[in-house]
Ligand SMILES: Nc1ncnc2c1ncn2[C@@H]1O[C@H](COP(=O)(O)OP(=O)(O)OP(=O)(O)O)[C@@H](O)[C@H]1O
Ligand SMILES: [Mg+2]
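Protein chains in written order, with this note's numbering: chain Y, 1 to 375; chain P, 376 to 616.
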């Protein structure tokens with residue numbers, strides 16, 4: 001069998017290049033968009049994902065972690081009474097107003113009050129124990145290094161937070177917030193900063209003896225009645241609620257779907273036009289084959305095979321492009337999140353673009369009428 | 376010489392309608408074409424040569440009349456059966472060579488053979504033999520861009536002959552070629568008719584070909600005006616291979 005599709009692709013690669021590029025860029029746009037959205041919304045759940053607890057207690061109905069409200073302190077006792085619970089820790093949440101240098105004006109910030117003990121749970125994955133211990137100093141704060149320009153200070157310098165002087169004792173990464181700056185302090189410092197606010201914490205975080213039982217234990221611990229003053233979730237449930245909230249309540253999800261449609265459309269238009277042009281350019285050769293007895297089905301398979309190879313080349317190119325863009329983003333501390341499901345979805349969509357374009361190009365084959373060769 | 380009729384056309388009529396004007400291109404035409412002969416359809420431009428060729432070869436449906444080829448009523452076959460009939464019995468050579476730019480000569484010839492379901496071995500053997508027959512053994516691995524016009528047409532003829540068709544149709548096979556190449560091409564077609572007993576029907580307004588045909592059908596306005604047999608036309612001194 002003569003490999004007509006592949007030989008033609010190799011020989012006339014210039015003709016097919018636009019299609020492969022369109023596929024590659026479509027794939028890159030889809031994947032980078034998805035990675036950015038996931039990255040950004042992951043940072044909405046950073047409090048959960050950067051912490052070590054498996055169970056979170058908060059105000060009932062809380063849709064996103066940043067929307068927490070104070071809960072009664074007796075929740076802590078109730079948690080500790082459960083034999084599954086190994087450790088419980090309060091997480092204080094204070095909205096703050098930052099004044100760094102005069103030129104920058106005020107910046108709205110989220111103050112997270114955490115237990116600075118070396119075995120503390122909250123932000124355990126983002127702040128190493130040595131740095132964490134320095135939060136014991138009154139007025140000590142830690143921020144993500146990417147937020148330094150917004151705050152206008154360097155490590156060792158001080159600024160005014162909620163009217164009180166605080167000191168930057170160190171920076172870390174992976175703490176960027178959505179729509180503001182995360183500032184981490186000790187519980188004691190947070191209490192000082194919480195001028196006129198509810199002194200009770202917004203969340204309690206618990207570590208379980210058996211991390212795998214998070215969902216079961218969370219269900220056990222939840223008070224379940226209508227008048228409950230707090231609710232209990234597993235960490236993954238609360239993180240998913242938070243990401244879901246940002247994705248759908250903010251309209252960002254719709255934006256992703258809309259952008260994907262646009263990319264699909266543009267990719268399909270360019271790819272199909274290129275393939276149709278290639279078919280049209282060889283139409284008398286195809287017609288000759290048809291005259292000699294090759295069926296339209298056989299000719300269609302040649303075109304679809306070409307579309308398939310264009311797609312494969314585009315996928316490879318798109319993969320390389322995406323990797324480059326995402327690495328660049330990562331090096332610039334732009335939050336990006338890649339999941340196997342996301343990559344698979346993009347790959348499927350990209351192959352969809354090429355196969356759909358191939359089917360459009362197959363329609364051009366209808367012009368391969370051998371009677372037209374006789375004139 | 377015993378004549379075997381390969382194609383029997385009876386009462387063929389064909390009109391084309393462009394806008395509101397309908398033109399009669401083939402008019403009540405009946406014709407028999409024999410195997411083992413090179414039959415030339417000649418006549419002025421626009422007299423309907425190509426259209427008749429298309430009707431006799433199963434590419435264009437006539438408005439009236441019938442075509443019997445190798446005992447089959449061609450225009451009673453459905454689309455699939457007609458395609459199979461063409462695959463197994465008919466070869467074509469067109470004015471444009473219609474070669475795939477990406478394929479070398481062997482592959483051009485092998486391509487239509489692959490639809491016959493022959494083994495790789497047999498396919499290759501036939502392709503080489505066909506290229507040998509048109510005198511292009513030494514051009515086997517060249518692509519169309521590296522071949523002259525005459526060589527391209529010879530590859531196209533090899534592609535048509537490799538199937539070993541009983542019926543070979545050629546439309547203006549020499550009109551894009553210089554006289555030497557044209558001579559070579561007509562010799563090859565002639566030899567195919569003599570050696571393989573193929574029916575070769577060739578449409579051309581090239582007067583140089585008339586002397587080389589076994590039989591000349593002179594057409595005008597969709598009708599055959601004269602039917603001349605040349606008992607022993609000279610085979611060209613210019614041989615190939
Ligand atoms: N598909 C078509 N639609 C409309 N008119 C057509 C069509 N095909 C052929 N014709 C007309 O039919 C007539 C005969 O055409 P045909 O191609 O058979 O001529 P020909 O004898 O092969 O001429 P030439 O020597 O120039 O190739 C011409 O007048 C042409 O315009
Ligand atoms: Mg013609």
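Note that the Cβ used here is the ideal one computed from N, Cα and C, for glycine as well.
Using only the heavy atoms of ligand 1, determine whether one of them is closer than 8 angstroms to the beta carbon of residue i.
i, result
"residue 547 of chain P", "yes"
"residue 604 of chain P", "no"
"residue 27 of chain Y", "no"
"residue 398 of chain P", "yes"
"residue 338 of chain P", "An answer regarding residue 338 of chain P cannot be provided, because it is not within the stretch 376 to 616 covered by chain P."
"residue 421 of chain P", "yes"
"residue 34 of chain Y", "no"
"residue 418 of chain P", "yes"
"residue 580 of chain P", "yes"
"residue 434 of chain P", "no"
Buried or exposed, going by whether 16 or more other CB atoms sit within 10 Å of the CB of residue i?
i, result
"residue 179 of chain Y", "exposed"
"residue 612 of chain P", "Bear in mind that a pLDDT of 47 at residue 612 of chain P, under 50, signals an unreliable position, so the model cannot answer this."
"residue 367 of chain Y", "exposed"
"residue 546 of chain P", "buried"
"residue 83 of chain Y", "exposed"
"residue 487 of chain P", "buried"
"residue 458 of chain P", "buried"
"residue 370 of chain Y", "buried"
"residue 525 of chain P", "buried"
"residue 66 of chain Y", "buried"
"residue 198 of chain Y", "exposed"
"residue 93 of chain Y", "buried"
"residue 17 of chain Y", "exposed"
"residue 144 of chain Y", "buried"
"residue 614 of chain P", "Because the pLDDT at residue 614 of chain P is just 44, under 50, the model does not fix this residue reliably, and the value given afterwards should be weighed accordingly. When all chains shown are included, residue 614 of chain P counts as exposed."
Which residues in chain P have a C-beta closer than 7 angstroms to the C-beta of residue i? List them in chain order.
i, result
"residue 2 of chain Y", "478, 482, 485, 486 and 489"
"residue 284 of chain Y", "471 and 473"
Spatial neighbours of residue i within its chain, please: C-beta separation below 7 angstroms, excluding the five flanking residues on both sides.
i, result
"residue 400 of chain P", "389, 390, 391, 423, 426 and 597"
"residue 104 of chain Y", "152"
"residue 517 of chain P", "479 and 480"
"residue 120 of chain Y", "89, 114 and 132"
"residue 162 of chain Y", "96, 97, 193 and 195"
"residue 372 of chain Y", "287"
"residue 219 of chain Y", "none"
"residue 129 of chain Y", "118"
Identify, in the order they occur along the chain, each residue of the same chain with its Cβ nearer than 6 angstroms to the Cβ of residue i, setting aside the five sequence neighbours on each side.
i, result
"residue 385 of chain P", "405, 440 and 441"
"residue 240 of chain Y", "none"
"residue 29 of chain Y", "263"
"residue 342 of chain Y", "34"
"residue 204 of chain Y", "57, 75, 76, 88 and 90"
"residue 576 of chain P", "408, 414 and 544"
"residue 60 of chain Y", "228 and 231"
"residue 556 of chain P", "525"
List the residues of chain Y whose Cβ lies closer than 7 angstroms to the Cβ of residue i, in chain order.
i, result
"residue 546 of chain P", "374"
"residue 425 of chain P", "374 and 375"
Report the neighbours of residue i on chain Y: residues whose CB is nearer than 9 angstroms to its CB, in chain order.
i, result
"residue 458 of chain P", "290, 293, 294, 295 and 296"
"residue 522 of chain P", "The premise fails here: residue 522 of chain P is roughly 15 angstroms from chain Y at the closest Cβ pair, so nothing lies under 9 angstroms."
"residue 538 of chain P", "292 and 293"
Output, in chain order, the set of chain Y residues within a Cβ distance shorter than 8 angstroms of residue i.
i, result
"residue 428 of chain P", "374"
"residue 435 of chain P", "371 and 374"
"residue 461 of chain P", "291, 292 and 293"
"residue 467 of chain P", "288, 291, 292, 370 and 373"
Let me check you understand the geometry: is the CB of residue i closer than 8 angstroms to at least one non-hydrogen atom of ligand 2?
i, result
"residue 569 of chain P", "no"
"residue 24 of chain Y", "no"
"residue 375 of chain Y", "yes"
"residue 284 of chain Y", "no"
"residue 298 of chain Y", "no"
"residue 424 of chain P", "yes"
"residue 551 of chain P", "no"
"residue 371 of chain Y", "no"
"residue 291 of chain Y", "no"
"residue 287 of chain Y", "no"
Mind pulling the chain P residues with CB within less than 9 angstroms of residue i?
i, result
"residue 12 of chain Y", "476 and 477"
"residue 8 of chain Y", "475, 476, 477 and 478"
Grab me the residues of residue i's own chain with a C-beta within less than 8 angstroms of its C-beta, minus the 5 sequence neighbours each way, in chain order.
i, result
"residue 594 of chain P", "416, 417, 418, 422, 423, 424, 427 and 600"
Item to complete: Kindly confirm or deny that the segment 72-82 of chain Y and the segment 186-193 of chain Y touch, where touching means at least three C-beta pairs closer than 8 angstroms.
Response: no
Discussion item. Is it the case that the segment 277-291 of chain Y contacts the segment 48-58 of chain Y, given that we only count it when at least three CB pairs across the two stretches are under 8 angstroms?
Written reply: no
Worksheet item: With contact counted as at least three CB pairs below 8 angstroms, one residue from each stretch, are the segment 347-364 of chain Y and the segment 262-282 of chain Y in contact?
Response: yes
Worksheet item: Do the segment 149-163 of chain Y and the segment 319-339 of chain Y touch if we need at least three Cβ pairs shorter than 8 angstroms?
Response: no
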